[in-house]
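In this note's numbering, the protein residues as written are 1 to 505.
Even glycine gets a Cβ: it sits at the ideal position worked out from N, Cα and C.
Note sheet for the following structure.
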């Protein structure tokens with residue numbers, strides 16, 4: 001949804017015209033795949049991080065327009081609400097000291113943005129959900145002043161035809177409604193891109209789906225919403241409900257939600273784009289002038305603009321991406337599972353783990369998706385979101401016995417997935433020092449059974465036990481989190497609780 005979208009109201013013929021254009025785009029994609037027009041392997045990865053703006057009091061600041069004006073960099077852009085920003089890191093080739101370079105680039109960018117935000121009494125906080133967000137913060141008047149967000153909100157609200165129900169049963173229970181999609185803005189994530197060839201796309205996507213639960217288990221960082229302690233990673237249920245175009249009757253019929261894990265392993269990228277057309281009505285039926293088939297007939301590369309726009313309104317946790325660089329088309333898997341934060345080191349460690357384990361799983365002779373039912377992968381994702389690092393997950397047994405066993409998430413990551421990630425990073429040609437340092441961060445989280453969510457929850461409860469009200473404890477936890485985030489030591493080293501007040505003596 002990063003493209004500029006400008007349109008007024010749609011009439012009845014717009015959707016039919018758009019649907020016809022989508023079909024032509026899909027045919028164009030099919031022809032591009034058949035003609036093997038896609039880029040050769042380049043081992044390219046990319047990274048986007050959604051950020052929050054908060055004041056020294058830990059409360060959200062609705063100032064992204066002013067902050068972006070001061071940052072004045074194309075690397076930063078708006079997100080859905082006025083307390084959100086996004087930073088985009090240029091593509092890097094996997095190999096060598098790529099993760100150290102990535103970390104240095106991120107630290108420089110975030111420090112600069114934080115400095116600029118401080119000019120308007122705000123700061124950057126990298127977290128899955130800002131604990132101090134209140135329902136009154138997530139209203140349509142706080143939408144970023146960007147046409148595409150207003151348009152998207154209006155179309156999703158119109159499709160649903162009634163208020164959005166937010167119902168999450170976790171440690172505590174949240175039950176409320178929203179008149180807009182703005183609660184989605186509470187969810188700030190890391191998006192990991194990996195450019196892949198069409199021949200390898202299905203294996204990489206399937207591998208990415210299989211490890212979503214492990215990613216969440218070690219990386220959960222969103223335990224609070226509207227003052228309630230919910231799931232260890234509350235973003236996925238919130239995002240699904242805040243973008244749900246289905247009233248209860250359509251949910252009862254089994255209509256698929258737009259925020260979707262999927263329902264099967266795949267054998268080609270084409271299947272995902274085809275599902276998008278088959279299952280999801282267009283939200284933004286905006287057509288451009290290009291005829292993709294005429295462009296192909298003339299030997300050109302079509303932009304497939306309608307296909308790309310429609311794909312951006314189907315919120316898969318692993319999304320297929322079609323793009324063009326230097327006149328050559330390519331495919332990417334966009335992994336959208338992880339929350340932002342806690343620190344740059346943690347974000348880069350999560351990335352190293354993902355890129356390593358996905359490569360290793362995609363290259364196995366007996367791939368995990370041939371031995372793990374898709375329903376089990378989806379149940380794993382749900383369990384990891386609910387319980388974080390304490391989740392129990394289903395995973396294929398090794399050896400002749402076969403079948404699937406339930407295992408502790410920490411044991412699965414430490415004993416099976418970390419060695420695979422190590423082999424995968426070796427396959428990418430990553431320097432051993434880089435590999436060992438960042439995978440070591442994941443190993444330490446497993447050893448100490450800690451992540452951003454466990455730290456937030458423990459610190460919040462410590463503050464309440466010390467006599468703070470819930471709201472004051474959430475604000476104090478947020479302030480302490482921001483302080484430790486900017487100091488930059490990984491979350492497994494963070495001391496639980498608030499610092500002792502300075503002695504006056």
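query	result
How would you label residue 478, buried or exposed, when you count the other beta carbons within 10 angstroms and need 16 or more for buried?	buried
Buried or exposed for residue 116, going by 16 or more other Cβ atoms inside 10 Å?	buried
Could you work out which residue in 410, 494, 83 and 196 is closest to residue 55 when comparing CA atoms only?	83
On the criterion of 16 or more Cβ atoms from any shown chain inside 10 Å, does residue 6 qualify as buried, or is it exposed?	Residue confidence is low: residue 6 scores 47 on pLDDT, short of 50, so the model does not pin down where it sits. No coordinate-derived value is stated.
Please report how far the alpha carbon of residue 200 lies from the alpha carbon of residue 96, in whole angstroms.	22 Å
Go through the stretch 422-499 residue by residue and report every complete run of the alpha helix (DSSP H) that reaches 4 residues or more, in order.	432-448, 452-465 and 470-487
Please go through the same chain and pick out, in chain order, the residues whose beta-carbon is closer than 8 Å to the beta-carbon of residue 166, but skip the five residues on each side of it.	174, 175, 176, 177, 178, 183, 238, 241 and 242
DSSP three-state label for residue 65, please.	helix
Residues in its own chain within less than 8 Å of residue 439 by CB, not counting five upstream and five downstream?	349, 352, 353, 356, 418, 421, 422 and 425
Counting along the chain, where does the beta strand (DSSP E) carrying residue 123 start and finish?	123-125
Quick check: residue 542 and residue 210, are their CB atoms within less than 8 Å of each other?	The displayed coordinates of the chain run from 1 to 505. Any statement about residue 542 would go beyond what the structure contains.
By Cβ distance, which residues of its chain are closer than 6 Å to residue 484, with the 5 residues on each side in sequence left out?	494
The alpha helix (DSSP H) that contains residue 344, what's its start and end?	344-362
Please name the residue, chosen from 57, 64 and 327, that lies closest to residue 296 on a Cα-to-Cα basis.	327
Any idea what DSSP makes of residue 308, helix, strand or coil?	helix
Tell me whether residue 329 is buried or exposed, calling it buried when 16 or more other Cβ atoms sit within 10 Å of its Cβ.	buried
Using three-state DSSP, classify residue 411 as helix, strand or coil.	helix
Drop a sphere of 10 angstroms on the beta-carbon of residue 13, count the other beta-carbons inside from all chains shown, and report buried for 16 or more, exposed for fewer.	exposed
Can you tell me whether residue 452 is buried or exposed? The criterion is at least 16 other CB atoms within 10 Å of its CB, across all chains shown.	buried
Distance check for residue 427 and residue 1, CA to CA, integer angstroms please.	Reliability fails at residue 1, whose pLDDT of 36 lies under 50, so the model's placement of it is uncertain and no value is given.
Considering only residues of the same chain and omitting the five flanking positions on each side of residue 256, which have a CB-CB separation below 6 Å?	279
Would you kindly work out how many angstroms separate the C-alpha atoms of residue 93 and residue 324, rounded to a whole number?	17 Å
Please classify residue 108 as buried or exposed, where buried requires at least 16 other C-beta atoms within 10 Å of its C-beta.	exposed
Just to confirm the assignment, what range does the beta strand (DSSP E) spanning residue 395 have?	392-396
In terms of residue numbering, what span does the alpha helix (DSSP H) encompassing residue 381 cover?	374-387
Give me the Cα-Cα distance between residue 261 and residue 380, rounded to the nearest whole angstrom.	11 Å
If we ignore side chains and look at the alpha-carbon of each, how far apart do residue 441 and residue 220 end up?	14 Å
Start and end of the alpha helix (DSSP H) containing residue 109?	98-118
Let me confirm a value: residue 465 is counted as buried when at least 16 other C-beta atoms fall within 10 Å, else exposed. Which label applies?	exposed
Any idea what DSSP makes of residue 35, helix, strand or coil?	coil
Just reading off the alpha helix (DSSP H) that residue 218 is part of, what are its end residues?	212-219
For residue 212, which of 335, 42 and 194 has the nearest alpha-carbon?	335
Are the CB atoms of residue 318 and residue 208 nearer to each other than 8 Å?	yes
How would you label residue 373, buried or exposed, when you count the other beta carbons within 10 angstroms and need 16 or more for buried?	exposed
Measuring straight from C-alpha to C-alpha, what distance separates residue 41 and residue 75?	25 Å
Let me check one thing: in DSSP terms, what residues is residue 83 bridge-paired to?	Residue 83 is not bridged to any residue.
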